[in-house]
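Trainee: For what it's worth, this note's numbering labels the leading residue of the sequence shown as -10, then goes sequentially.
Ideal placement from N, C-alpha and C gives every residue a C-beta, glycine not left out.
Below you'll find the structure I mean.
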Amino acid sequence: MIKLREYEKRDASANLKYANNPEVGRYLFETFPSPYTMDDSIWWTSVGHKELAGIHNAIDLDGECIGSIGATPGEMEDRFTWEIGYWLGQPHWGKGYGTEALRQMTEYLFQNTEAKRLFAPVLAPNKASMKILEKCGFVLEGVHVCAVFRESEGGFLDEHLFARIQV
Ligand SMILES: CC(C)(COP(=O)(O)OP(=O)(O)OC[C@H]1O[C@@H](n2cnc3c(N)ncnc32)[C@H](O)[C@@H]1OP(=O)(O)O)[C@@H](O)C(=O)NCCC(=O)NCCS
């Protein structure tokens, strides 16, 4: 089974292997590089994940980094609201690892940080992501119609906002 852990220097090559795939980045923010280079991977696994506020972990399967999951808190009066994001290498999709990683991160955040509200924006075609959110107790709060322009997907996409609250 997978576990969440800190990144290590040795993760750069596995992270590159899985991240450099347009299918992985397809519904992520466009800040996710494509193509994803070794420089991107070295930066993310050694520096980048620490520069972001919040908690950003490797998803580990038998010692290999097969993906990433993290959460970033809002600022000031939004500080109890954390945005969660995740991806897995494509060969590992459909085996329950995404659900398990999200379940572990959700529990960790509610138990160990001041997060009271977790949320994830999901592009309409990304049914697998919506499914794992629902399985981890997140609820669809609303649909932001035509909120995102993604030329590679043919234009405007709806964004589904999922959240889980624990106050
Ligand atoms: C989203 C992602 C993390 C899911 O990880 P995963 O390990 O494949 O997820 P799981 O195996 O735990 O569960 C996937 C669920 O979605 C379902 N699913 C997959 N594709 C589906 C589709 N097209 N329509 C409906 N359900 C679908 C699966 O049947 C499964 O549900 P089940 O367990 O009830 O059968 C993975 O697909 C991924 O990394 N995608 C690219 C990055 C990404 O989009 N991240 C999220 C951005 S919001």
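Is Glu162 helix, strand or coil by DSSP?
Mentor: Any property of residue 162 remains undetermined from this structure, which presents the chain solely from -10 to 156.
Trainee: Is the beta carbon of Leu(-7) closer than 8 Å to that of Ile48?
Mentor: By one-based count along the sequence shown, residue 48 stands at place 59. By one-based count along the sequence shown, residue -7 stands at place 4. Yes, the Cβ-Cβ distance between Ile48 and Leu(-7) is below 8 Å.
Trainee: Quick check on DSSP: helix, strand or coil for Lys(-2)?
Mentor: Counting from one through the sequence shown, the residue named residue -2 turns up at place 9. The answer is coil: DSSP assigns Lys(-2) none of H, G, I, E or B.
Trainee: With which residues is Arg139 paired in a DSSP beta bridge?
Mentor: Counting from one through the sequence shown, the residue named residue 139 turns up at place 150. Arg139 pairs with Gly144.
Trainee: With the cut-off set at 8 Å, would you say Leu166 and Trp76 are in Cβ contact?
Mentor: Outside the modelled stretch of the chain, which goes from -10 to 156, sits residue 166, for which no answer is possible.
Trainee: How is the beta strand (DSSP E) around Ile31 delimited, first residue to last?
Mentor: For the purposes of this step, residue 31 is taken as the residue at position 42 of the sequence shown. Here Ile31 belongs to no beta strand (DSSP E); instead the alpha helix (DSSP H) covers Met27 to Trp32.
Trainee: Within 10 angstroms of the Cβ of Asn46, are there 16 or more other Cβ atoms? Answer buried if so, exposed if not.
Mentor: Along the sequence shown, read from residue 1 onward, the residue named residue 46 stands at position 57. The residue is buried, with at least 16 neighbouring Cβ atoms inside 10 Å.
Trainee: If you draw a straight line from the alpha carbon of Lys159 to that of Thr95, how long is it in whole angstroms?
Mentor: Residue 159 lies beyond the residue range present for the chain, which begins at -10 and ends at 156; the question has no answer from this structure.
Trainee: Does any heavy atom of ligand 1 sit closer than 7 Å to the C-beta of Ala3?
Mentor: Here residue 3 refers to the residue found at position 14 of the sequence shown. Result no, Cβ not under 7 Å from ligand 1.
Trainee: Could you give the DSSP three-state label for Gly74: helix, strand or coil?
Mentor: Start at 1 with the first residue of the sequence shown, and residue 74 comes out as number 85. It is a strand residue.
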